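Below is one structure, written out as structure tokens; the observations come after it.
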């Protein structure tokens, strides 16, 4: 699992639009990667819409955003299209990126225990080094907190 002040490992990623990319394609800008449990659920929708609303301001700070879940590419495509997100989503169906960032953990819901994504966000600097993380976060105000953090770096 990656730690603060470590350079992140490069990954092949599958993005909405059926685009193949690598995390290294985002070097030279800040990269916000946020992980959410399931596309089109209330909290995940709110979080993604909040990031979309702030996307122009993130862009002004030389920052890109990627959302990640283990949903299929089709589900991610539908989610992005339905809410007109301003950035791509990663379909991490093999859980490679999720496992590297350590966001798949044991969760409990209605007495049932299962493995799932714990809502988390990471900021990677333009050189590819992890500089900030939020784990097990609350959606309300989170996108603004991430923006405020990056803005404070300049």
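Numbering (this note's numbering), first residue to last: -6 to 147.
For every residue, glycine included, the Cβ atom is placed at its ideal position computed from N, Cα and C.
Note that the coordinates shown come from a computational prediction; the quantities given were computed from them, not determined experimentally.
Inset, instruction - Pull up the CB-CB distance for residue 54 and residue 27, whole angstroms please, since I reckon it's below 8 Å. - result: Residue 54 sits at position 61 when you count from the first residue of the chain shown. Residue 27 sits at position 34 when you count from the first residue of the chain shown. Contact flag wrong, Cβ pair sits at about 16 Å.
Inset, instruction - With a cut-off of 8 Å on the beta carbons, I'd call residue 45 and residue 79 a contact; round off their distance for me. - result: For this step, residue 45 is matched to residue 52 along the chain shown. For this step, residue 79 is matched to residue 86 along the chain shown. With 8 Å as the limit, residue 45 and residue 79 qualify as a contact, their Cβ atoms being about 5 Å apart.
Legend entry - Those residues which DSSP pairs with residue 83 across a bridge: The sequence position of residue 83 within the chain shown is 90, counting from 1. Residue pairing by DSSP places residue 83 opposite 8, 61 in a beta bridge.
Legend entry - Pairwise C-alpha distance: residue 131 and residue 73: Here the question's residue 73 lines up with position 80 in the chain shown. Here the question's residue 131 lines up with position 138 in the chain shown. Near 21 Å, if we compare the C-alpha coordinates of residue 131 and residue 73.
Inset, instruction - State yes or no: is the C-beta of residue 123 within less than 9 Å of the C-beta of residue 25? - result: Counted from its first residue, the chain shown places residue 123 at position 130. Counted from its first residue, the chain shown places residue 25 at position 32. Not a contact, by the Cβ cut-off of 9 Å.
Legend entry - For residue 52, the first and last residue of its enclosing alpha helix (DSSP H): Locating residue 52 in the chain shown gives position 59, counting from the first residue. Where residue 52 is concerned, the enclosing alpha helix (DSSP H) stretches over 35 to 53.
Inset, instruction - Would you list the residues sitting across from residue 146 in a DSSP beta bridge? - result: Within the chain shown, numbered from 1, the residue matching residue 146 stands at position 153. Its beta-bridge partners do not exist; DSSP assigns none.
Legend entry - Distance, residue 67 Cα to residue 21 Cα: Residue numbering aside, residue 21 sits at position 28 when the chain shown is read from its first letter. Residue numbering aside, residue 67 sits at position 74 when the chain shown is read from its first letter. When rounded, the distance between both Cα atoms is 29 Å.
Inset, instruction - May I ask which residues mark the beginning and end of the beta strand (DSSP E) holding residue 125? - result: Indexing the chain shown from 1 puts residue 125 at position 132. For residue 125, the uninterrupted beta strand (DSSP E) run begins and ends at 123 to 128, by DSSP.
Inset, instruction - Measure the CB-CB distance between residue 93 and residue 1 and report whether it falls below 9 Å. - result: If you number the chain shown from 1, residue 93 lands on position 100. If you number the chain shown from 1, residue 1 lands on position 8. Against a cut-off of 9 Å, the Cβ pair of residue 1 and residue 93 comes out as a contact.
Inset, instruction - Closer than 7 Å by C-beta to residue 30: which residues in its own chain qualify, once you throw out the five before and the five after it? Chain order, please. - result: If you number the chain shown from 1, residue 30 lands on position 37. Counting only Cβ-Cβ distances below 7 Å, and skipping sequence neighbours, we find 37, 62, 109, 110, 112.
Inset, instruction - Using three-state DSSP, classify residue 25 as helix, strand or coil. - result: As a first step, residue 25 must be located in the chain shown, where it is residue number 32. In the structure shown, residue 25 sits in a strand (DSSP, three-state: E or B).
Legend entry - Contacting residues, own chain, Cβ-Cβ under 6 Å from residue 98 (five flanking each side not counted): Counting from 1 along the chain shown, the entry for residue 98 is found at position 105. Only 111 meet the Cβ criterion.
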